[in-house]
Amino acid sequence: MTDGNQALKKAGLKITLPRVKILELMQNPENQHISAEDLYKKLLEVGEEIGLATVYRVLNQFDDAGILNRHHFESGKAVFEMSTQKHHDHLVCLTCDKVIEFSDEVIERRQDEIAMRHNIKLTHHSLYLYGHCTNDTCDHADE
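4 is the number that full-length UniProt numbering gives to position 4 of the sequence shown; each next residue is one higher, with no gaps.
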């Protein structure tokens, strides 16, 4: 049984072709922070005829099962990434929607200190920093 099939079984999900294909694509590092629509296009590119409604349904099931994490960045659409990644925060370009993952021990320690000072025991958190690319690599810098 493949790792993907084991992940589906562990989450209590039946192993179906759409779930396996979507999980395979999501495990590719270049497909992190991808929207349902973009994932659907990638499926079509590789010859998989899985409907957009099915893609949405499977992504929601994976999010509910803890296989994926859903993020709502400023672009207004949900994007997904594998939940097996180590905790990280996000920098988001408001011009091109590029997402950069980062980790910083000082920020993590400071958040814990602030929570303790306010008598809050953190269970999880998300940090999104928004701005604009300042170099020529921004996909939409000239718009």
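Glycine included, each C-beta is placed from N, C-alpha and C at the ideal position.
No experiment lies behind these values; they were computed from the predicted model shown.
### Secondary structure of Asn69, DSSP reduced to three states
Against the sequence shown, residue 69 aligns to sequence position 69. DSSP places Asn69 in strand when its eight states are reduced to three.
### Task
Counting only the same chain and skipping the five closest in sequence on each side, list residues whose C-beta sits under 6 Å from that of Ala115.
One-based indexing of the sequence shown puts residue 115 at position 115. Excluding positions up to five away in sequence, the list reads Leu122.
#### Entry: Contained alpha helix (DSSP H) runs [length at least 4] in the stretch 104 to 129, N- to C-terminal order
105 to 117
### Glu113 to Tyr40 span [Cα, whole Å]
As a first step, residue 113 is located in the sequence shown; it is residue number 113 there, counting from the start. As a first step, residue 40 is located in the sequence shown; it is residue number 40 there, counting from the start. So the alpha carbons of these two residues sit roughly 42 Å apart.
### Query
When the Cα of Phe73 is compared with those of Asp97, Ile67, Lys21, which residue comes out closest?
On the sequence shown, residue 73 is found 73 positions in, with the first residue counted as 1. Taking only the C-alpha atoms, the option nearest Phe73 is Asp97.
### Outcome for His124 when other beta-carbon atoms lying within 10 angstroms are tallied against a minimum of 16
Translated into positions along the sequence shown, residue 124 becomes position 124. Exposed, because fewer than 16 other Cβ atoms sit within 10 Å of the Cβ of His124.
#### Entry: Top-ranked residue by Cα proximity to Asp3, from Ile67, Lys42, Leu43
Residue mapping note: residue 3 aligns to position 3 of the sequence shown, counting from 1. Closest option to Asp3, Cα to Cα, is Ile67.
### Message
For a test of the three-state rule: what should DSSP assign to Gly131, helix, strand or coil?
### Response
As a working mapping, residue 131 is identified with position 131 in the sequence shown. Gly131: strand per DSSP, three-state reduction.
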